[in-house]
Amino acid sequence: MRGRRRHHSEVVGAGGRGGGNGGARRFLDAAPVIAGPVTRKATVMDPLSEAVIAGAPAADLSRLAPPERFVAAHLRAEDVGMFGGVVDKDVRKSLRVGEVAMPELAPDEVLIAVMASAVNYNTVWSAMFEPLPTFQFLRRFARNGGWAARHDLPYQVVGSDGAGVVVRVGSGVRRWKIGDHVVVSPVYVDDQEPATHADGMLGSEQLAWGFETNFGGLAHYSVVRTSQLVPKPAHLTWEEAACNPLCAGTAYRMLVGERGARMKQGDVVLVWGAAGGLGTYAVQFVRNGGGIAIGVVGSAEKAEAVRRLGCDVVIDRREIGIDDHVADDPARVLEVGKRLGRIIRRETGRDPDIVFEHVGRATFGISVFVVRRGGTVVTCGSSTGYRHEFDNRYLWMKLKRVIGSHAANLHEQWETNRLIASGRIAPALSDVYDLDDVGEAVRTVQTNQHIGKIGVLCLAPRAGLGVTDHELRTRIGADRVAPLARATVAAG
Numbered sequence: 027m028r029g030r031r032r033h034h035s036e037v038v039g040a041g042g043r044g045g046g047n048g049g050a051r052r053f054l055d056a057a058p059v060i061a062g063p064v065t066r067k068a069t070v071m072d073p074l075s076e077a078v079i080a081g082a083p084a085a086d087l088s089r090l091a092p093p094e095r096f097v098a099a100h101l102r103a104e105d106v107g108m109f110g111g112v113v114d115k116d117v118r119k120s121l122r123v124g125e126v127a128m129p130e131l132a133p134d135e136v137l138i139a140v141m142a143s144a145v146n147y148n149t150v151w152s153a154m155f156e157p158l159p160t161f162q163f164l165r166r167f168a169r170n171g172g173w174a175a176r177h178d179l180p181y182q183v184v185g186s187d188g189a190g191v192v193v194r195v196g197s198g199v200r201r202w203k204i205g206d207h208v209v210v211s212p213v214y215v216d217d218q219e220p221a222t223h224a225d226g227m228l229g230s231e232q233l234a235w236g237f238e239t240n241f242g243g244l245a246h247y248s249v250v251r252t253s254q255l256v257p258k259p260a261h262l263t264w265e266e267a268a269c270n271p272l273c274a275g276t277a278y279r280m281l282v283g284e285r286g287a288r289m290k291q292g293d294v295v296l297v298w299g300a301a302g303g304l305g306t307y308a309v310q311f312v313r314n315g316g317g318i319a320i321g322v323v324g325s326a327e328k329a330e331a332v333r334r335l336g337c338d339v340v341i342d343r344r345e346i347g348i349d350d351h352v353a354d355d356p357a358r359v360l361e362v363g364k365r366l367g368r369i370i371r372r373e374t375g376r377d378p379d380i381v382f383e384h385v386g387r388a389t390f391g392i393s394v395f396v397v398r399r400g401g402t403v404v405t406c407g408s409s410t411g412y413r414h415e416f417d418n419r420y421l422w423m424k425l426k427r428v429i430g431s432h433a434a435n436l437h438e439q440w441e442t443n444r445l446i447a448s449g450r451i452a453p454a455l456s457d458v459y460d461l462d463d464v465g466e467a468v469r470t471v472q473t474n475q476h477i478g479k480i481g482v483l484c485l486a487p488r489a490g491l492g493v494t495d496h497e498l499r500t501r502i503g504a505d506r507v508a509p510l511a512r513a514t515v516a517a518g
């Protein structure tokens, strides 16, 4: 691996770049490795960035002008055709890190100095320019005119998670101020659209920040709407806080929210990809809500990780004979479904009440087959393919339901954040990379070599910063604050 991965477990201090193996170590090695001092790569800083890093008060931040340009991970429109005819669409080739222009601030927006961000699968799609180039989203959004026109640029700053400090507020902002520590939800809505007031996810203008918009979170600065903001949990580091919004909010809506599966105590919930970003939060919500979590994973290493989250039953996908091509053969779908069902009934006494779906084509037919009579399949994605094939008889004749779910509205994000801030739900962070090495971070997710979430240091000079309530962090306990880390991070 070319990039320098910052393990969340590394003990950090002042000084230069750390020693040790440059990114080759893997999660859950035989013993924790304490590296030397680790810091973000040296970058020329503007006065405002330096003040934010130093923890300057709001009055000082308000006197310092934002830079005209800033460092960001971005894609360029000129590269859209680069993967034509290529089998391995390696995202390291399309993701660039360099300076971009500072956008003007709209009245309902704030400017965030981004301390840390995280990688989601939508950045993988963006960087592969699939299923269509996201520059098409930017052009479509820009046709609304006004402030939306800013987003149609020959480059796109990507990233749909972030945590940082408010350094500027638009003229219409009421509830947030300079100096606030915030976490950014990826849900970008038009608060003047009527449907938004019933459910923010129902508005036709609802977009994914840093995927369907520009100025995303994998950068030193980002402009976001105030309807995207929640307070940063005080006991978490910047990178721990940054990794939560998209995946935790999505899992909450799917399982707990009124518009999802509405999980009850004692429900058996099958979680595909239980060791990934979505799955690790799903397992926690099931356990926190009194359910029985059945996790499917792809390796012994990942099985150990989800057991640390409290998963009741862990099934290796090799045990049931599933691969990415099982959906091509209806007979294999039934064979795998029957094998999986026998294991679940043996361990829990019944078929699953809910199936947590996001894998898509490879698993969807199995999900419809295996969920109990009258049960629910709730889906938010299709990482193995969008076109699903399943035997509809198992859906209609057994009165099963399929619920489509997407991200989380602001109320659901606040409820998710409340559970995280109380220590009931833990960050799924396992590894941390420098922004300079974001291509390596996204490649890790693209090739499914990650566990939980991958964090990215943006303005934060090192991992472990940002904690303002050390007492709460101590009371919750290191093993519960960072259950997927190999050892305790030195939080400052």
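To convert, count from 1 in the sequence shown and add 26; that's our numbering. Just so you know, even glycine gets a beta-carbon here, dropped at the ideal spot from N, CA and C.
Legend entry - Residue environment, L121, which counts as buried when at least 16 other CB atoms sit within 10 Å: buried
Inset, instruction - Pair every Cβ in the region 214 to 233 with every Cβ in the region 105 to 121, then say whether three or more of these pairs are closer than 8 Å. - result: no
Inset, instruction - Using DSSP bridges, identify the partner residues of L296. - result: I320 and V381
Legend entry - Cβ separation of Q310 and I451, assumed to be a contact under 8 Å, to the nearest whole Å: 5 Å
Legend entry - Other residues of its chain near E415: CB distance less than 7 Å, five sequence neighbours each side excluded: Excluding residues up to 5 positions away in sequence, A353 and G391 lie with their Cβ nearer than 7 Å to the Cβ of E415 in the same chain.
Inset, instruction - Take the Cβ of A175 as the centre, count every other Cβ of all protein chains shown within 10 Å, and call the residue buried at 16 or more, exposed below. - result: Exposed is the call here.
Legend entry - Boundaries of the alpha helix (DSSP H) in which L483 is found, first to last residue: It is not in any alpha helix (DSSP H) - L483 instead sits in the beta strand (DSSP E) that spans K479 to L483.
Inset, instruction - Taking the CB atoms as reference points, tell me whether F382 and A308 lie closer together than 8 Å. - result: yes
Legend entry - The beta strand (DSSP E) enclosing Q182, as first and last residue numbers: Y181 to V183
Legend entry - Length of the line joining the Cα atoms of A278 and A84: The sequence given here places Tyr at residue 278; Ala does not occur at that position. When rounded, the distance between both Cα atoms is 33 Å.
Inset, instruction - Determine, using beta carbons only, whether A245 and V183 come nearer to each other than 8 Å. - result: yes
Inset, instruction - Leaving out five residues on either side along the sequence, give the residues of the same chain with a beta carbon under 7 Å from the beta carbon of R200. - result: none
Legend entry - Cβ contact check for the region 387 to 402 and the region 229 to 246: 3 or more pairs under 8 Å: no
Legend entry - Segment limits, beta strand (DSSP E) that includes V471: Per DSSP, V471 belongs to no beta strand (DSSP E); it is in the alpha helix (DSSP H), V464 to Q472.
Inset, instruction - Answer yes or no: do G198 and P133 have a C-beta to C-beta separation smaller than 8 Å? - result: It is a contact, given that the beta carbons lie within the stated cut-off.
Inset, instruction - Within its chain, find whatever has a CB closer than 7 Å to the CB of R28; leave out the 5 residues flanking it on each side and keep chain order. - result: In this prediction, R28 has a pLDDT of 36, which is less than 50 and means its spatial position is unreliable; what the coordinates show is noted afterwards. For R28, the CB contacts under 7 Å within the same chain, skipping 5 residues up- and downstream, are E466 in chain order.
Inset, instruction - With a 10 Å radius around its C-beta and 16 neighbouring C-beta atoms as the bar for buried, classify A80 as buried or exposed. - result: exposed
Inset, instruction - Please check the pair L455 and L510, which I expect to be a contact at CB under 8 Å, by giving their CB distance rounded to whole angstroms. - result: 6 Å
Legend entry - Y412, DSSP secondary structure in three states: coil
Legend entry - Span separating the alpha-carbon of T473 from that of E361: 27 Å
Legend entry - Inter-stretch contact at 8 Å, needing at least 3 Cβ pairs: the region 313 to 329 / the region 284 to 300: yes
Legend entry - Residue(s) in a DSSP beta bridge with L101: Q182
Inset, instruction - Report whether the distance from the Cβ of R102 to the nearest heavy atom of the ligand GDP is below 7 Å. - result: The ligand content of the structure shown is nil, which means the ligand GDP is not present either.
Legend entry - Euclidean distance between Cα positions of S409 and S431: 15 Å
Inset, instruction - Using beta-carbon positions only, say whether V458 and G478 come within less than 8 Å of one another. - result: no
Inset, instruction - Compare the C-alpha of D349 against each of G375, G275, G411 and G171 and name the closest. - result: G411
Inset, instruction - May I ask you to report which of helix, strand or coil DSSP gives S248? - result: strand
Legend entry - Run of the alpha helix (DSSP H) containing G188, from where it starts to where it stops: G188 -> not in any alpha helix (DSSP H); beta strand (DSSP E) instead, spanning G188 to V195.
Legend entry - Beta-carbon proximity of V192 to G205, cut-off 8 Å: yes
Inset, instruction - For S75, write down the residues that DSSP places opposite it in a beta bridge. - result: Answer is none; S75 lacks a bridge partner.
Legend entry - Supposed contact pair E438 and G229 - C-beta distance, whole angstroms, cut 8 Å: Contact flag wrong, Cβ pair sits at about 15 Å.
Legend entry - C-alpha gap between R288 and L281, whole angstroms: 6 Å
Inset, instruction - Pick helix, strand or coil for H437, following the three-state DSSP scheme. - result: Residue state, collapsed to three classes: helix.
Inset, instruction - Report the rounded CA-to-CA distance for R358 versus S143, giving the unit in angstroms. - result: 40 Å
Inset, instruction - Please state if the CB of G305 and the CB of N146 are separated by a distance shorter than 8 Å. - result: no
Inset, instruction - Work out the CA separation of H177 and R95 for me, nearest whole Å. - result: 16 Å
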